[in-house]
Structures are given as structure tokens and as C-alpha cells.
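Okay, so here's the structure we're looking at.
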Amino acid sequence: AGKIADLFDQYQIYRPRLIGDWNAGTVGAGVAEWQAWLWKKVKDDYGDKLSDKTAMAAFITEALRDPGKARALRERLPRVNLFGLSILTAFHIDLFLQLSAHIDIGFYLVNPAPTQYWYDDRSERQIARWRRVPGHERFAVPAVGNSLLGNWGQVIRDTFALLFRHDSVFNVLDDAEVAEPEPDTLLHRIQWDLFHNAVEKRQDLRDVVGDGSVSFNACYTPAREVEVLYNYLVHLVDTGRLQSPREVVV
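Laid out in C-alpha cells, this is it:
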């Protein structure tokens, strides 16, 4: 039951048209009929107690068509700022685009390579998997990007790709405060490679491996993870490298 509930929750975000069809009593091809029946049954039994994000989006869309409600929105909430989101779906972006016609919407997102168009790049491993897909030869081979950026940045890459489908978003991109990392430590050299989406001309890391700016710990339980972190923070305080709890982000 929990897995089905999670599936229905994902449908609302990633397949809102499907949920809309079910709400209208339509079952599309290739969809198990029992899912549509179960969704309608639960919705009929629980009514408003069942969260339906597609109904919420439809309500907002309809309300924005009312000039009085749109004016009240501008007066009460002239701007919305969203910080540090890693996942934005087409469902959310479409809703925010509708809101942006009436109020200012600001996204403050972490982009490890803000000066590079890396959203279509793939790592060598990803390209190898792509080559195993039947029919891949009909398409151009993706460009090879920095492997760490490609593998660990998939979620934020997909978010930016969705945002940049809309010219109204791409044309107002503001990267005026971007600063290139100074490659003086192991962490900063890795960040420099990510910043430039470096593939061949990457920073030499051998002389800064032991500088302590990056560390990995293998812990056998979650409790041990907390102990290691605690001991490390105590060490930073004792050596004067940590002056305030404000400097710590977990």
C-alpha cells in the first residue's frame, strides 16, 4: 500500500495529465485499469482529505484568471524567492511560470559550472550505457563532459534543462556574482575543474591530496558517522580552524 501511495504521489508530479484523465474518468492506453479504479475509489471515499496536486494546480490556474484575485496576490505576495532547490519538475515550473505573469519569481540555484553550457554533456560511463541502447546510432553522440560533474550533477542538470526550455527564464539568467574558484587547495581545484567542465586540462591534485580540505570516512553505523563528525568538529575548534558554529553546514 505504501509503494502504491508513493507511486500515485509521483504520478501527480511527473504525469499530471494521467491523473487529470483519471479524474475525468478516462483511462489511457498502456495504463493498468486497476490503478485508475483505485485512484478514483480512494478519492471518492476520502474526498478533500486526499492530496491531489493536479487539482491544486488547476485551482491556482483558475484563480489567476480572476483579475481581482490576481490583484490581491500582487498586493499580498509581490515576490517569491526559492533557495537551493535541487529538483524542479515540469509540473512545478509550469505553475511558477503562470505565477510569474503576476508576481516576481526568483530561483537561487546552485550551479557548479555556471559559465558552461554543460546540460547536454554526459560522462564516458553514461555514453557507454547509451551505446548499448538499441537504435542509438540514429542520434548524434553526446558530448563528453567532466565525469564528476556529469555523474553527481544529474539532478541539478535536469532541473536547469527544464528551466532553460523557456526563453522567459533563460533571458533573465543573472550570473553577475559568479566568481571563479582559486585552485589553491584540493577542494578548490576540484571545484575549478567542475567550474570549467574540464575534461582534459584538469588540475593536478597530487601535491594537495593531504591538505585536509576534502576527507572521506568509512563508518560502520549511522551512530559512528555522528561520532566521527563530532570528533572532527572538535578538532577544528581545538586547532583554531573553526571560529563559529555559523561556519558549519551539515
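The sequence shown: position 51 = 40 (this note's numbering), numbered continuously. Ideal placement from N, C-alpha and C gives every residue a C-beta, glycine not left out.
Quiz item: By the 10 Å Cβ neighbour count, where 16 or more other Cβ atoms means buried, how is L152 classified, buried or exposed?
Solution: Here L152 is buried. Its C-beta has 16 or more other C-beta atoms within 10 Å.
Practice problem: Report yes or no: do the stretch 86 to 99 and the stretch 124 to 136 share at least 3 C-beta pairs separated by less than 8 Å? | Solution: Not touching, per the Cβ criterion.
Exercise. Consult DSSP for V69 and reduce its assignment to one of helix, strand or coil.
Key: Residue state, collapsed to three classes: strand.
Quiz item: Is it true that the CB of T174 sits closer than 8 Å to the CB of S202?
Solution: Result yes, Cβ atoms of S202 and T174 sit closer than 8 Å.
Self-check item: Assumed close pair H177, E171 - CB separation to whole angstroms, cut-off 8 Å
Solution: Confirmed, about 6 Å.
Quiz item: Sorted by chain position, which residues of the same chain lie with C-beta nearer than 7 Å to V188's C-beta, five sequence neighbours on each side aside?
Solution: For V188, where only same-chain residues beyond five positions count, the Cβ hits under 7 Å are V133, G134 and N135.
Quiz item: Does the Cβ-Cβ distance between L66 and I92 come in under 8 Å?
Solution: In this structure, L66 places its C-beta atom within 8 Å of the C-beta atom of I92.
Quiz item: Which runs of the beta strand (DSSP E) spanning at least 3 residues fall entirely within the stretch 10 to 47, listed in chain order?
Solution: With a minimum length of 3 residues, no continuous beta strand (DSSP E) run stays inside the stretch 10 to 47.
Quiz prompt | Paired residues, beta bridge with V161 - DSSP | solution = Beta-bridge annotation (DSSP): V161 is not paired with any residue.
Quiz prompt | Simplified DSSP state of D93, which is helix, strand or coil | solution = The answer is strand: DSSP assigns D93 an E or B state.
Quiz item: Ordered along the chain, which non-local residues of its own chain (more than five positions away) have a Cβ less than 8 Å from that of S89?
Solution: Residues of the same chain with a CB within less than 8 Å of the CB of S89, apart from the 5 flanking positions on each side, are S157 in chain order.
Practice problem: Please state whether DSSP places R213 in a helix, a strand or coil. | Solution: Reduced to three states, the DSSP call for R213 is helix.
Practice problem: Assign V197 to one of three DSSP states: helix, strand, or coil. | Solution: Looking at V197 - three-state DSSP - the assignment turns out to be helix.
Practice problem: Compare the C-alpha of P240 against each of F159, V198, Y219 and W26 and name the closest. | Solution: No answer is possible for residue 240: it lies beyond the span of the chain, which begins at -10 and ends at 239.
Exercise. For L62, collect the residues of the same chain with a Cβ closer than 7 Å to its Cβ; drop the 5 residues on either side in sequence, then sort them by chain order.
Key: So the qualifying residues of the chain are H91 and I92.
Practice problem: On a CA-only basis, which of R6, L162, F205 and I94 is nearest R68? Give me that one, please. | Solution: Closest option to R68, Cα to Cα, is I94.
Quiz item: Which partner residues does V133 have in the DSSP bridge list?
Solution: Residue pairing by DSSP places V133 opposite R111 in a beta bridge.
Self-check item: DSSP-derived helix/strand/coil call for H185
Solution: In the three-state scheme derived from DSSP, where H, G and I count as helix and E and B as strand, H185 is classed as coil.
Practice problem: Out of R120, Y106 and R230, state which residue places its alpha-carbon closest to the alpha-carbon of F184. | Solution: Between F184 and the set R120, Y106 and R230, the nearest pair of CA atoms involves Y106.
Exercise. Measure the alpha-carbon distance for V16 versus D200 and round it to whole angstroms.
Key: Between the alpha carbons of V16 and D200 lies a gap of roughly 60 Å.
Exercise. Figure out for me which residue from F85, K58 and G57 has the closest Cα to the Cα of N70.
Key: F85 is the residue among F85, K58 and G57 whose C-alpha sits nearest the C-alpha of N70.
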